Amino acid sequence: SWPLSLTADGIVTGARPLGTVVDFGESLIEIDDDRFFLVAGAVPMFRDLELASPRVAGEDVAQLQRFLIGQGFDRDGTLEADGVFDSDTRRAVMDWQEATWQQQTGRVTRSDMVFAPEPLRIASELRIGSVFEQLEVTAWEPTVTVDVANRDKQLLTVGTPVTIEFGDGSEVDGTVSEQISVPQDDGTRQSRATI
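Residue numbers (our numbering): 289 to 483.
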C-alpha cells in the first residue's frame, strides 16, 4: 500500500469501506464535504487546471479532457483531448461540477481530483468525524510476489496458471504476469515471479 498525495486538511465526512475498489469517476473520500475523485492518468495532479493566459497545457490537461469526454460532459461535441485548457474544457468542467454537486468554478484543483493509471483499492479504514491525515491505497487487483529457486523458475513462466493456498486452507486462482531476475548482494541472481 502507499499513501495518496491529497492536498486536504479537515474532517472526514465520507469514507469508503476498507477493501473497496474505486473506479474512475468515483469519489475516493470526502473531507469537509468535498469529494476527491479518481481519474485515469499516468501524470499526477501536480497543479491546478484552469482557463488562464498563457493557456495551461500538457498531458495532465489531456487526461482531464479524456475523462470529461468519456463521462459525457462534452454537451456540444466540441471538446478535444488536445492537452490545452480552453473554453470548451472549462464548460465541460462546469458541467461535471454541476453533476457532482460541486461549486461550479470551471477550475480543477488538487483538492478535486487524483490521477492514477488504474483503479485503486482502499487500504486504510478512516472514521467519519476524524481529522484527515492520509488515505492508503493499493492496486485494485491483488498481486503476490514470489522469490523462486533458480531450479524452479521454468515452472513459473509468464502466463502459467497457479493456485495460491492461504494459511487457513482457502485458495485463489492466479496467473504469472511477470518473471524477473534480481541481483543479490553476493553477486548471484534471484528469480522473482509476480502473480
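We put the CB at the ideal spot given by N, CA and C, even for glycine.
Only a predicted model underlies this, so the values are computations on that prediction, with no experimental measurement involved.
Query raised in the report: Relative to the C-alpha of residue 463, which residue among 454, 442, 431 and 455 is closest?
Result: Residue 463 has its Cα closest to that of 431, out of 454, 442, 431 and 455.
Query - Whether residue 393 touches residue 323 by CB criterion (8 Å) - result: Result no, Cβ atoms of residue 393 and residue 323 do not sit closer than 8 Å.
Query raised in the report: Around the Cβ of residue 290, are there at least 16 other Cβ atoms within 10 angstroms (buried) or fewer (exposed)?
Result: So residue 290 ends up on the exposed side.
Query - Proximity winner among 353, 330 and 326, relative to residue 337 (alpha-carbon distances) - result: It is 353.
Report task. Report the residue from 418, 482 and 441 whose alpha carbon sits nearest the alpha carbon of residue 302. Result -> Nearest C-alpha to residue 302: 418.
Query raised in the report: In this structure, does DSSP put residue 381 in helix, strand or coil?
Result: Helix.
**Report entry** Continuous beta strand (DSSP E) stretch holding residue 349: start and end
**Finding:** Element bounds for residue 349: not the beta strand (DSSP E) but the alpha helix (DSSP H), 347–358.
Query raised in the report: How would you call residue 373, buried or exposed, if buried means at least 16 neighbouring beta carbons within 10 angstroms?
Result: When all chains shown are included, residue 373 counts as buried.
Query raised in the report: Considering residue 430, what are the terminal residues of the beta strand (DSSP E) in which it resides?
Result: It is not in any beta strand (DSSP E) - residue 430 carries neither H nor E in the DSSP assignment.
**Report entry** Enclosing beta strand (DSSP E) for residue 481 [first to last residue]
**Finding:** Boundaries of the beta strand (DSSP E) around residue 481: 477–482.
**Report entry** Buried or exposed by the 16-neighbour rule on C-beta atoms within 10 Å, applied to residue 329
**Finding:** Under the 10 Å beta carbon count, residue 329 is surrounded by 16 or more other beta carbons and is classified as buried.
Query raised in the report: Over what stretch of residues does the beta strand (DSSP E) that includes residue 406 continue unbroken?
Result: Per DSSP, residue 406 belongs to no beta strand (DSSP E) and is neither H nor E.
Query raised in the report: What are the partner residues of residue 302, as DSSP defines its beta bridges?
Result: Per DSSP, the beta-bridge partners of residue 302 are 318.
Report task. Tell me whether residue 406 is buried or exposed, calling it buried when 16 or more other Cβ atoms sit within 10 Å of its Cβ. Result -> In the assembly as shown, residue 406 is an exposed residue. Its beta-carbon has fewer than 16 other beta-carbons within 10 Å.
**Report entry** Whether residue 471 touches residue 403 by CB criterion (8 Å)
**Finding:** Going by C-beta atoms, residue 471 is not nearer than 8 Å to residue 403.
Query raised in the report: For residue 401, which residues of its own chain have a beta-carbon under 6 Å away from its beta-carbon, when the five flanking residues on both sides are left out?
Result: Result list for residue 401: 325, 327 and 333, in chain order.
**Report entry** Rounded C-alpha distance that separates residue 310 from residue 304
**Finding:** Between residue 310 and residue 304, the C-alpha separation is close to 9 Å.
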